[in-house]
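FYI, the numbering for the sequence shown is 9 to 339, going by the UniProt record's numbering. We put the CB at the ideal spot given by N, CA and C, even for glycine. Structure, as structure tokens:
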Amino acid sequence: ATLHAFVMAMPKAELHVHIEGTMEPELYLDIAARNGIATPYADAEAVRQRLRDAHDLPSFIGIYEELIAAIRSAQDFRDLAMAFFAKAQSQGVVYAEVFFDPQLHLERGIPLAAIFGGLARARIEAEQTLGFKARYIMCFLRDRSADDALKVLRDSAPWRDEFIGIGLDNPEVDGFPDKFAAVFDEARGMGLRLTTHCDVGQPNTVAHHWGALDVLKVERIDHGLNVLDDPKLIDAVRERRIGLTAAPTLFYTEIPGRMEYRAGAIKQLLEHGLLVSLNSDDPGMKRSLYIGDLMLRAARTVGLSRDMLVQLARNSFVTAWLSDEERDAYL
Ligand code: ES4
Ligand code: ZN
């Protein structure tokens, strides 16, 4: 088979994708129009032009929050998630664990009932109509307070069965990860699974990885490419069987060498025998590349063998929050 056919046909799990960041410009315009929200963009191409202003995490987050502000109703959340599930399935993804950021919406006056209501409908519909299975991960914004995260976690008790774990995203700030120790302790006590972003190239990134492991006691790290910067971290991540949900995504305005760096780091993590997987992160707002596309790009950029691509897909199921029976059925 061609590499393209091989990659697309291989069953894969997505473990690192922000539902808000899957919103394609066309869907953004549709949602804004039906909600009566005026946008400065004449068409999808104009939205893509705006996304070309993103060149690092803070600049990306600014535009992301601007576009997300169009999302209001349960129907919007349902449509957003269904569009992602269909797109992921078209590239051979069979299972997804999907981040959602309630604080982004609560701060705009959108109630938890609309968020959970829409997401739950999409999850059930995807299973019934597509045969696609998904679970949700509640993600907190690291630059907001731990108290706010705790409040959102507690307020979500009525929907406890609609999410399997918690995570942290947004740019890293001083105090992370210790700042969130109490939130993670409480979530662990509720039987929730634990992960956190350790984004590429953030300040004190090695210390952040150690804090994620030893203070937050996470089972996975989202991105985690800087594990390579500390040999002791490489050993700890291997011994503790920590999943690294890497994402070699491309901004609309490509930073020279960024794909090479990320794909190269993923290859090295595989060579160290770590449980790294390959994920799409924010595909709707970064070049519309989903897992199959990204595997092909990464493979062509740094020469990942077919065995390595199989290992990435295998790792995605090994580190997914599946029951043993579910995992056996996928592997
Ligand atoms: C994100 Cl890539 C990334 N990192 C941190 N926070 C995020 N939110 C959406 N995408
Ligand atoms: Zn992310």
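- For Leu138, there is no enclosing alpha helix (DSSP H), since its DSSP letter is neither H nor E.
- Taking a 10 Å sphere around the C-beta of Gly219, we find 16 or more other C-beta atoms and assign the residue as buried.
- Taking each of Lys141, Asn234 and Ala77 in turn and checking the Cα distance to Glu28, the smallest one comes out for Ala77.
- For Lys20, the pairing in a beta bridge is given by DSSP as Val101.
- For Phe93, the closest of His63, Tyr49, Ser285 and Arg143 by C-alpha to C-alpha distance is Arg143.
- Bounds of the beta strand (DSSP E) holding Leu283 are Leu283 to Leu286.
- Asp87 has its Cβ no nearer than 7 angstroms to any heavy atom of ligand 1.
- Assignment of beta-bridge partners to Ala254 by DSSP yields Leu286.
- Ile79 sits in coil when the DSSP states are folded into three classes, being neither helix nor strand.
- Annotated as proximal: Leu23 and Thr327, with beta-carbon spacing under 8 angstroms.
- For Leu176, the uninterrupted beta strand (DSSP E) run begins and ends at Gly173 to Asp177, by DSSP.
- Under the DSSP definition of a beta bridge, Val25 partners with Asp289.
- Here the C-alpha atom of Val160 lies approximately 11 angstroms from the C-alpha atom of Ile174.
- Classified as buried, Asp230 has 16 or more neighbouring CB atoms from the shown chains inside 10 Å of its CB.
- Contact fails between the region 11-25 and the region 44-62, because fewer than three Cβ pairs, one in each stretch, are under 8 angstroms apart.
- Taken from the Cβ of His205, at least one heavy atom of ligand 2 lies inside 7 angstroms.
- Taken in chain order, the complete beta strand (DSSP E) segments of 3 residues or longer contained in the region 176-248 are 201-206 and 228-231.
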